[in-house]
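Colleague: Counting in full-length UniProt numbering, the sequence shown runs from 18 upward without gaps. Before I ask anything, let me first share the structure, which is written out below as structure tokens.
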Amino acid sequence: GGRPDEDLLEGLNPQQREAVTYRGPALLIVAGAGSGKTSVLTRRIASLLRGREAWPSQILAITFTNKAAGEMRERVAHLVGDASQGMWISTFHSACVRILRREAEQFGFTKAFTIYDSGDSRALIKRLVKQHEADAYGLTPASVQGKISKLKNELADAESYARSANLSDPAERLFVEIFGDYQRELQRANAFDFDDLIGQVVFLFRAFPHVADVYRRRFRHILVDEYQDTNHAQYALIHELTRPLSGASGAEPVEASNGMMIWGPDTSTGSVSGGGSASGGGSESDGASLTVVGDSDQSIYAFRGADIRNISEFERDFPGARVVLLEQNYRSTQNILTAANAVIGNNFDRKDKKLWTDVGAGEKIIGFTGYSQHDEAQFIADEVDALRRAGIDYSEMAVFYRTNSQSRAIEEIFIRAAVPYKIMGGTKFYERAEIKDALAYLIAVANPADEMALRRIINRPRRGIGDVTIETIARYAVDERITFRDALANSTSLGVGPKIQASIAHLDAVLAEASALMLPTSGELAPPTAVADGLSLLLNKSGYRDALRASKDAQDEARLENLDELVAVAREFARNNPEGTVLDFLTEVALVSDADDLEDSSGSVSLMTLHTAKGLEYDAVFLTGVEEDLIPHRISAGEPGGPQEERRLFYVGITRARKRLYLSLAMTRAQFGEVSVAMPSRFLQEIPVELMHWRQSPGDVNSRGGTQSRALNARRGGFGGSGGSGGSRYGDDLVPLPRRERSGSIEQFANRIPAKVRDNGDMELAAGDRIRHDDFGEGRVDAVTGEGAKRVAHVRFDKVGAKKLLIKIAPIEKV
Ligand code: ATP
Ligand code: MG
Numbered sequence: 018g019g020r021p022d023e024d025l026l027e028g029l030n031p032q033q034r035e036a037v038t039y040r041g042p043a044l045l046i047v048a049g050a051g052s053g054k055t056s057v058l059t060r061r062i063a064s065l066l067r068g069r070e071a072w073p074s075q076i077l078a079i080t081f082t083n084k085a086a087g088e089m090r091e092r093v094a095h096l097v098g099d100a101s102q103g104m105w106i107s108t109f110h111s112a113c114v115r116i117l118r119r120e121a122e123q124f125g126f127t128k129a130f131t132i133y134d135s136g137d138s139r140a141l142i143k144r145l146v147k148q149h150e151a152d153a154y155g156l157t158p159a160s161v162q163g164k165i166s167k168l169k170n171e172l173a174d175a176e177s178y179a180r181s182a183n184l185s186d187p188a189e190r191l192f193v194e195i196f197g198d199y200q201r202e203l204q205r206a207n208a209f210d211f212d213d214l215i216g217q218v219v220f221l222f223r224a225f226p227h228v229a230d231v232y233r234r235r236f237r238h239i240l241v242d243e244y245q246d247t248n249h250a251q252y253a254l255i256h257e258l259t260r261p262l263s264g265a266s267g268a269e270p271v272e273a274s275n276g277m278m279i280w281g282p283d284t285s286t287g288s289v290s291g292g293g294s295a296s297g298g299g300s301e302s303d304g305a306s307l308t309v310v311g312d313s314d315q316s317i318y319a320f321r322g323a324d325i326r327n328i329s330e331f332e333r334d335f336p337g338a339r340v341v342l343l344e345q346n347y348r349s350t351q352n353i354l355t356a357a358n359a360v361i362g363n364n365f366d367r368k369d370k371k372l373w374t375d376v377g378a379g380e381k382i383i384g385f386t387g388y389s390q391h392d393e394a395q396f397i398a399d400e401v402d403a404l405r406r407a408g409i410d411y412s413e414m415a416v417f418y419r420t421n422s423q424s425r426a427i428e429e430i431f432i433r434a435a436v437p438y439k440i441m442g443g444t445k446f447y448e449r450a451e452i453k454d455a456l457a458y459l460i461a462v463a464n465p466a467d468e469m470a471l472r473r474i475i476n477r478p479r480r481g482i483g484d485v486t487i488e489t490i491a492r493y494a495v496d497e498r499i500t501f502r503d504a505l506a507n508s509t510s511l512g513v514g515p516k517i518q519a520s521i522a523h524l525d526a527v528l529a530e531a532s533a534l535m536l537p538t539s540g541e542l543a544p545p546t547a548v549a550d551g552l553s554l555l556l557n558k559s560g561y562r563d564a565l566r567a568s569k570d571a572q573d574e575a576r577l578e579n580l581d582e583l584v585a586v587a588r589e590f591a592r593n594n595p596e597g598t599v600l601d602f603l604t605e606v607a608l609v610s611d612a613d614d615l616e617d618s619s620g621s622v623s624l625m626t627l628h629t630a631k632g633l634e635y636d637a638v639f640l641t642g643v644e645e646d647l648i649p650h651r652i653s654a655g656e657p658g659g660p661q662e663e664r665r666l667f668y669v670g671i672t673r674a675r676k677r678l679y680l681s682l683a684m685t686r687a688q689f690g691e692v693s694v695a696m697p698s699r700f701l702q703e704i705p706v707e708l709m710h711w712r713q714s715p716g717d718v719n720s721r722g723g724t725q726s727r728a729l730n731a732r733r734g735g736f737g738g739s740g741g742s743g744g745s746r747y748g749d750d751l752v753p754l755p756r757r758e759r760s761g762s763i764e765q766f767a768n769r770i771p772a773k774v775r776d777n778g779d780m781e782l783a784a785g786d787r788i789r790h791d792d793f794g795e796g797r798v799d800a801v802t803g804e805g806a807k808r809v810a811h812v813r814f815d816k817v818g819a820k821k822l823l824i825k826i827a828p829i830e831k832v
């Protein structure tokens, strides 16, 4: 006998069991890192299915990344088999895209809408800022974009914002205008930006309760992982979904709170079938049951509007909610956990919870201080090698850093040392110009209303269509009240020269041919390979590939390979989604996040930012650049709550490690060829010394490093794991951190340059020479000072102005 889910409970502790088996309207699971939150959520889903308490279609589970969604889906499938089909396990964004594809027609969009990524919306905002001449008022595209995003995360729109804004301030007035225009442009292009994906679903549900009811009827069990990182819009979405049925007939739409979105009711709805009648989760007139799991100590997305209060106020929002606490950690050794507890204990305003494990103390945390980031990277490569020989697989090791630019030094050394590695951050590929071009071709076919995509490709490859022609086409479209796309199809009426007219006609024909292939008319189903074939057709017949082939630029070779890779991605997509349309493909590509790999990461070390590391675990973790100004990051200093958020980020990093944790830093850090002295992060001092074993402490480096600045000297002993300062934990001469001074001239640190990857030797350079720098572009040398390895070039760059560079190591060459 026994329960049908007995094996699901095997090995769980009593609190975890309760989290799996509790049935009621609302359940909050709060717990520290590695205590089984995600595992429990997965088993809870399996348990609902096993006990036939829910149909798969009645389950909506939200994870933080697509990758996490994939893993959860796989685990549930493993536990319940085929019964897992039809569940929605996805990120907030993916779930909302699915809803919008079904419902977009309700409010003036079509289901072929484009998803604007941050680069796309930046381009649009840039155009509007220019149009409104808003830079004169201090509005930059970046600041406008940031503010719009923040407002959208709070579910504000241009109108509601205008009501509270101080409109006597011309900058505010301009902002409101730009915000409004931006939204109108998006709608005209049949496009949503990232924040809209969520916000517009909330607006839709509020404006059309009968549409919301369709989803309320369908989703009887809603489960959310990483709840601490939900923003207000996501919170509101969950609220809308868990409300009891409104019973609205759909005949009378409620006035939308964001006036412009609603174009009148469409009563012929019913586009979504409910998931059958609920057999579990209460009657339909009750709201869905909601389970959320989270850890307020791991909230690291406040800068994107995440609101920790969503977790602390859960009990207020859902009266009668059951709260389950998990404290036993199943991931890390006690040393790692003690360090994590000690660090996070320095944050105020938090509920104290102590993670513990019964696996034992484990190894000490290893500390290392390099002379430079290359030295640090070399240490990591050596250790990776040693761990490998000790039987730990590459795929069980990860290197974390605070900012993307830190990966470069690590990559350089890994390449030399032949350590296979993989950078997590799939978006990079999709940010490449040639990939964006290729996708713009697809979008131009799939969503002809998207003028921005058309403008992007209209002269790529070059076909003699300049700005004047583009404006001619745009004006013709306005005059004739047709779309930009349709204007292309009327090339003969545009009044342009015969050559240009032929170019336009050719482009129109290519797009039409691809459209016929990928979007067969009603009833027919496109063949599975349609997307890949259509993409190839577009790239070939448009002349895009030929132009790259004909180019002498070595980079264009790589661009061709990237395009092949994209076609391969499309073929792979067809294999996994035989009925997937070009829209599905574009959705998938648009929602690739930093945590999603393009390729299989098995057999290689994973490199990623601390933000990306959330939710993951590895046997060995290298947390690098543990320096003031990196972690905590310089930009956090002025933000309210910034340093605390940085501490949480550090905590997230530490708690990813199962067995081995390395904390490393560099005494000098060269970024863009400018060398600055780094200081140990304050977080290092928060770890009890007895947990650390310093292979090379900051003190060691200092005493061997030649010239010593007073600031560095002052901290000696503080980290003297090997120096042994006795007595007080950090030694008596410790200067209290944090200190934000940057002492020492650039020449002083030249002494510490170790054997480097980049060595320009005695490159001859004199005033008047022109050089090219990897990051800064071209410039003119004004003067050269110093001697030998300490020679400094004073350069005036054409684009970025004056910089001082250490000639020996700066990524420069003479031109
Ligand atoms: P994070 O806060 O980092 O997201 P989490 O709370 O979601 O962590 P999980 O990832 O679910 O924790 O679990 C951490 C590890 O502990 C996983 O490897 C999981 O398989 C394991 N684990 C969880 N519960 C148990 C248990 N009862 N017995 C053995 N292992 C467990
Ligand atoms: Mg988790």
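Where is the CB? At the ideal position from N, CA and C, for every residue including glycine. Just so it is clear, the structure is predicted and the values come from calculations on it, not from any experiment.
Which same chain residues, not among the five before or five after R665, have their C-beta less than 8 Å away from its C-beta?
Modeller: Indexing the sequence shown from 1 puts residue 665 at position 648. Excluding positions up to five away in sequence, the list reads D314, Q315, S316, I317, I361, N364.
Colleague: By how many angstroms is the C-alpha of L456 removed from the C-alpha of F602?
Modeller: Translated into positions along the sequence shown, residue 602 becomes position 585. Translated into positions along the sequence shown, residue 456 becomes position 439. Computed Cα separation, rounded: 10 Å.
Colleague: Is the separation between the beta-carbon of I106 and that of R90 shorter than 8 Å?
Modeller: To locate residue 106, count along the sequence shown from 1; it is residue 89. To locate residue 90, count along the sequence shown from 1; it is residue 73. The answer is yes: Cβ separation under 8 Å.
Colleague: Let me have the residue list for the ligand ATP: C-beta closer than 5 Å to any non-hydrogen atom, ordered along the chain.
Modeller: Here the residues come out as G28, L29, A50, G51, S52, G53, K54, T55, S56, Y347, R348, G632.
Colleague: Check whether the Cβ of D242 sits closer than 7 Å to any heavy atom of the ligand MG, and report yes or no.
Modeller: Looking up residue 242 in the sequence shown gives position 225. Correct: D242 has its Cβ closer than 7 Å to the ligand MG.
Colleague: Please state the DSSP three-state secondary structure of residue 859.
Modeller: Missing from the structure shown is residue 859; the chain here goes from 18 to 832 and no further.
Colleague: Please return the same chain residues whose Cβ sits closer than 6 Å to the Cβ of L608, not counting the five positions on each side in sequence.
Modeller: Reading the sequence shown from its first residue, position 591 is the one you call residue 608. Within the same chain, L608 has close Cβ partners H110, S111.
Colleague: Contact between the segment 695-715 and the segment 643-652: three or more CB pairs below 8 Å?
Modeller: Counting Cβ pairs under 8 Å, three or more are found: they touch.
Colleague: Is N331 helix, strand or coil by DSSP?
Modeller: As a first step, residue 331 is located in the sequence shown; it is residue number 314 there, counting from the start. Contrary to the premise, residue 331 reads as Phe rather than Asn in this sequence. In this structure, F331 counts as helix in the three-state DSSP scheme.
Colleague: Measuring only from the beta carbon, is S508 closer than 7 Å to any heavy atom that is part of the ligand SAM?
Modeller: With respect to the ligand SAM, the structure offers nothing, as its ligand set consists of the ligand ATP and the ligand MG.
Colleague: Any chance the segment 570-582 sits against the segment 447-462, with 3 or more Cβ pairs inside 8 Å?
Modeller: Short answer: they touch.
Colleague: Would you say L528 and V462 are within 8 Å of each other, going by their C-beta atoms?
Modeller: Here residue 528 corresponds to residue number 511 of the sequence shown, with the count starting at 1. Here residue 462 corresponds to residue number 445 of the sequence shown, with the count starting at 1. Cβ distance < 8 Å, so L528 and V462 count as in contact.
Colleague: So, are the CB atoms of A683 and S389 less than 8 Å apart?
Modeller: Here residue 683 corresponds to residue number 666 of the sequence shown, with the count starting at 1. Here residue 389 corresponds to residue number 372 of the sequence shown, with the count starting at 1. Their beta carbons are under 8 Å apart, which means A683 touches S389 by this criterion.
Colleague: Tell me the DSSP secondary structure of S294 in three-state form.
Modeller: Reading the sequence shown from its first residue, position 277 is the one you call residue 294. For S294, the pLDDT reaches just 36, beneath the cut-off of 50, and the residue's location in the model is therefore unreliable, leaving the point undetermined.
Colleague: Where does N275 fall in DSSP's three states?
Modeller: Counting from 1 along the sequence shown, the entry for residue 275 is found at position 258. Caution is warranted here: a pLDDT of 42 is assigned to N275, below 50, making its placement in the model unreliable, and the coordinate value is therefore given only provisionally. In the structure shown, N275 sits in coil (DSSP, three-state: anything other than H, G, I, E or B).
Colleague: Nearest-angstrom Cα distance between G670 and L556?
Modeller: Taking the first residue of the sequence shown as position 1, residue 670 is located at position 653. Taking the first residue of the sequence shown as position 1, residue 556 is located at position 539. Going by the C-alpha atoms only, they are around 42 Å apart.
Colleague: Can you tell me where the alpha helix (DSSP H) with L666 in it begins and where it stops?
Modeller: In the sequence shown, counting from the first residue as 1, residue 666 sits at position 649. 659-671 is the extent of the alpha helix (DSSP H) around L666.
Colleague: For K676, is the classification buried or exposed, using 16 other Cβ atoms within 10 angstroms of its Cβ as the cut-off for buried?
Modeller: Translated into the one-based positions of the sequence shown, residue 676 becomes position 659. Classification of K676: buried, given that the 10 Å Cβ count is 16 or more.
Colleague: Does the contact criterion of 3 or more C-beta pairs under 8 Å hold for the segment 177-195 versus the segment 148-156?
Modeller: The answer is yes - the segment 148-156 touches the segment 177-195, with three or more Cβ pairs under 8 Å.
Colleague: So what does DSSP say about N248, is it helix, strand or coil?
Modeller: Here residue 248 is taken as the residue at index 231 of the sequence shown, counted from 1. If DSSP states are grouped into helix, strand and coil, N248 belongs with the strands.
Colleague: Roughly how many angstroms lie between the CA atoms of L65 and L565, to the nearest whole one?
Modeller: Position 48 of the sequence shown, counted from the start, is the residue given in the question as residue 65. Position 548 of the sequence shown, counted from the start, is the residue given in the question as residue 565. Taking the straight line from one Cα to the other gives about 54 Å.
Colleague: Decide if S619 is buried, meaning its Cβ has at least 16 other Cβ atoms within 10 Å, or exposed.
Modeller: Here residue 619 is taken as the residue at index 602 of the sequence shown, counted from 1. It is exposed - the Cβ of S619 has fewer than 16 other Cβ atoms within 10 Å.
Colleague: Going by Cα to Cα distance, which pick from D791, E795, I474 is closest to G785?
Modeller: Numbered from 1 along the sequence shown, position 768 holds the residue referred to as residue 785. Ranking the options by Cα distance to G785, first place goes to E795.
Colleague: Start and end of the alpha helix (DSSP H) containing V462?
Modeller: As a working mapping, residue 462 is identified with position 445 in the sequence shown. Start and end: 450-463.
Colleague: Go ahead and pull the three-state DSSP assignment for D815.
Modeller: Against the sequence shown, residue 815 aligns to sequence position 798. The answer is coil: DSSP assigns D815 none of H, G, I, E or B.
Colleague: Which of the three DSSP states is assigned to A36 in this structure?
Modeller: Position 19 of the sequence shown holds residue 36. Helix.
Colleague: Tell me L823's beta-bridge partners as DSSP assigns them.
Modeller: In the sequence shown, counting from the first residue as 1, residue 823 sits at position 806. According to DSSP, which records beta bridges pairwise, L823 is partnered with V809.
Colleague: Does the Cβ-Cβ distance between I79 and T108 come in under 8 Å?
Modeller: Here the question's residue 79 lines up with position 62 in the sequence shown. Here the question's residue 108 lines up with position 91 in the sequence shown. Yes. Within cutoff.
Colleague: For a test of the three-state rule: what should DSSP assign to P697, helix, strand or coil?
Modeller: Residue mapping note: residue 697 aligns to position 680 of the sequence shown, counting from 1. Three-state result, P697: strand.
Colleague: Taking only the alpha-carbon atoms, compute the straight-line gap between T629 and V228 and give it to the nearest angstrom.
Modeller: Locating residue 629 in the sequence shown gives position 612, counting from the first residue. Locating residue 228 in the sequence shown gives position 211, counting from the first residue. In a straight line, the C-alpha of T629 is about 35 Å away from that of V228.
Colleague: To the nearest angstrom, report how far apart P595 and A547 are at their CA atoms.
Modeller: Counting from one through the sequence shown, the residue named residue 595 turns up at place 578. Counting from one through the sequence shown, the residue named residue 547 turns up at place 530. The alpha-carbon atoms of P595 and A547 are separated by roughly 10 Å.
Colleague: Anyone know if the C-beta pair for V47 and V340 falls short of 8 Å?
Modeller: By 1-based counting over the sequence shown, the position of residue 47 is 30. By 1-based counting over the sequence shown, the position of residue 340 is 323. It is a contact, given that the beta carbons lie within the stated cut-off.
Colleague: Give, in chain order, every unbroken run of the beta strand (DSSP E) that is at least 3 residues long and sits entirely within the segment 410-442.
Modeller: With a minimum length of 3 residues, the continuous beta strand (DSSP E) runs that stay inside the segment 410-442 are 414-418, 438-440.
Colleague: Ordered along the chain, which non-local residues of its own chain (more than five positions away) have a Cβ less than 6 Å from that of A531?
Modeller: On the sequence shown, residue 531 is found 514 positions in, with the first residue counted as 1. Cβ neighbours of A531 beyond the five flanking positions: V462, G551, L554, L555.
Colleague: In angstroms, rounded to a whole number, what distance separates the CA positions of I460 and I195?
Modeller: As a working mapping, residue 460 is identified with position 443 in the sequence shown. As a working mapping, residue 195 is identified with position 178 in the sequence shown. Those two C-alpha atoms are separated by around 25 Å.
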